[in-house]
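Below is one structure, written out as structure tokens, with a few remarks after it.
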Amino acid sequence: MNGKPFCAASIVIFGGTGDLAGRKLIPALCRLNDAGLLPHDFHVFVTGRTDMTTAAFLDSFVNREADHFKKDTRFASGFERLRPRIRYLRANPGLKNEAQDFRRRLMTEEPMAAPARLFYLAVPPASMDSFIDLVKAFSDARIDHNCPERILVEKPFGSDLATARELNARLLGAFSEEQILRIDHYLGKEAVQNILYMRFANLFFEPVWNHRFISNVQISFSEEIGIGGRAGYFDQAGILRDVVQNHLLQVLCMVAMEPPLSHRPGDLHLEKNKVLKALRKYKPEEVAQETVRAQYLHGMLKGELAKGYLEEEGVRASSKTETYAACRVFIDNWRWGGVPFYLRAGKRLDRNITEIVVNFKPVPHSIFPTLTGKIESNRLYIRIQPNEGINLLLNTKPPGMSMQVSNVGLKFSYDTEFGDYRPDAYERLLLDSLQGDSALFLSNSEIEESWKFIDPIIEGWQQFAQPMFTYPAGTHGPREACELLERHGHRWRPSEGQCCP
Ligand code: BG6
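Counting from 1, position 298 in the sequence shown corresponds to residue 492 in my numbering; the numbering is continuous, with no gaps.
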């Protein structure tokens, strides 16, 4: 991996007619193109299982994305310029000799002699193996082995430790570790990357960033959307596998890791891996005490009636899949011994927000005996989205003759400071993968360690038939998630509004 862009390159998107490619990958490539960041001679091959001409694909894409173009001018102008370099190709591993046929078609369409190639597997878990085989057969036949070829794999990485290991063995049977990029798009978000800058490009957080000063840390992921058209996937997965195993644990790593030796991939992976290894694994009988699972019922969301999870199309009538999960987690190491990390993630909640709250301990003694008002513990908010920023709550004396204290925010807002331009996570990660920079991708051992933490929760839920709590769509989630904290004298700290229904 040389960290330099290639002057000729192509990306082959398997699952190219799917939702992720339409909503995220192609727009991200168009925006990169608009910003002049793509290699000079760059080609996009979108693949699907059926035969279709490039013109037909582009027409349907333009129709489908018409609204998106209106809202996103960088996407629209980037698309116009990239359009002549987008081709549609059939890639259907179910067909006989498809690997050789596909290779021939791609080589015929690829105008340059020896491009760097990035294969993006944005395909459902069930067909992952057959696409890995297709790409392997393709690259086995390569004549020029000097041209870098990489394979970028979209989550989910298996559905438990065993299947993740199988997937990895399969990948490593076909590619070298250096060629494999395992994506978690949360690492491409500006505010997530900024956690490292906040912690390691400033001096004053580090001395207080430990169990002596921090009471608890909360990481919340709240979405208004339900499962859309993804019932087939989501009803098998649930939110613990969909979001907690990856996005939330990666954010937790960024908050909790030791200072890495450098920002280079190996150094970052090593430190994140240590955090995941130190996560206390629950015994199945402890799971009920430390976690909450719940499903949404019908309710009102933004003034509109929203269906309950079991009424969603494609969801099994007796589904026991959680759409909300919360847990209390400990990192058993020197820095974090005894500090609870509370994680929660839910769909069909009342707001879209991803946020970290670091709650500091109270001052050891008050020197203000006649104070009006309460000295609150300091609190640091790190907002991942929307309205990215950081807010440190300080106790302050409001002007006047009385002895009062008021909690005010020392705020940094991306919008105010830098304007509203923020590259999408996929822009960042696609560019990094073309440049061969794997720092913001996952190592296999991080994935395995994450499953070692998640698997016992799922086992505990099943083995002890943990209740599936409920919450009406459009609310803050189940009451039991608040009780999980209240049992330990804590409460969720959203930046606005009440936390519990
Ligand atoms: C995906 C999950 O990985 O992340 C989705 O599969 C979730 O269920 C999405 O909605 C959230 O991503 P973002 O970037 O919108 O916060």
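By construction, the Cβ of each residue, glycine as well, lies at the ideal position given by its N, Cα and C atoms.
Treat the numbers as computed from the prediction; the structure is a model and nothing was measured.
For Phe-606, the enclosing beta strand (DSSP E) stretches over residues 600-607. Judged by DSSP secondary structure, Tyr-665 falls within the beta strand (DSSP E) whose first and last residues are 663-666. Counting only runs of 3 or more residues that sit fully inside the region 494-528, the beta strand (DSSP E) segments are 498-500, 518-524, in chain order. Separation of the CB atoms of Thr-566 and Ser-596 is rounded to 6 Å, and the pair is thereby assigned contact status at 8 Å. Annotated three-state conformation of Phe-635 is coil, per DSSP.
For Asp-436, the distance from the CB to the nearest heavy atom of the ligand BG6 is below 6 Å. With respect to the 7 Å criterion, Ala-316 and Leu-214 are classified as neighbours on the basis of their beta carbons. The C-beta distance from Ser-416 to Arg-545 rounds to 6 Å, short enough to fall under 8 Å.
DSSP, reduced to helix, strand and coil, places Ser-414 within a strand of the structure shown.
Rounded to whole angstroms, the separation of the alpha carbons of Ile-207 and Met-246 is 15 Å.
Gly-210 sits close to Val-240, with the two beta carbons spaced by under 7 Å. The Cβ-Cβ distance between Pro-672 and Phe-658 does not fall below 7 Å. Ala-320 counts as exposed, since fewer than 16 other C-beta atoms from the protein chains shown sit within 10 angstroms of its C-beta. Listed in chain order, the beta strand (DSSP E) elements of length 3 or more contained wholly in the region 209-295 are 235-242, 280-284.
Beta-carbon to beta-carbon, Arg-364 and Ile-326 are separated by about 5 Å, close enough to satisfy the 8 Å threshold. Ranked by Cα distance from Trp-655, the options Phe-369, Ala-488, Lys-265 are led by Ala-488. For Thr-357, the enclosing alpha helix (DSSP H) starts and ends at 355-368. Taking the Cβ atoms as the reference, Leu-355 lies roughly 5 Å from Asp-649, within the contact range of under 8 Å.
Taking the CA atoms as reference points, Lys-471 sits about 23 Å from Ala-431. Distance from the Cα of Tyr-314 is smallest, within the candidate group Ala-293, Met-301, Ile-374, Ala-260, for Ile-374.
Beyond the five residues adjoining it in sequence on each side, Ile-433 comes within less than 7 Å, by CB distance, of Glu-516, Thr-517, Tyr-518, Ala-519, Ala-539, Gly-540, Lys-541 in the same chain, given in chain order. According to the DSSP assignment, Gln-430 belongs to the alpha helix (DSSP H) that extends over 425-431.
A distance below 7 Å separates the beta carbons of Phe-394 and Pro-453. According to the DSSP secondary-structure assignment, Phe-562 is paired through a beta bridge with no residue. Annotation for Pro-459: the continuous alpha helix (DSSP H) segment containing it runs 459-472. DSSP lists Ile-408 as the beta-bridge partner residues of Phe-554.
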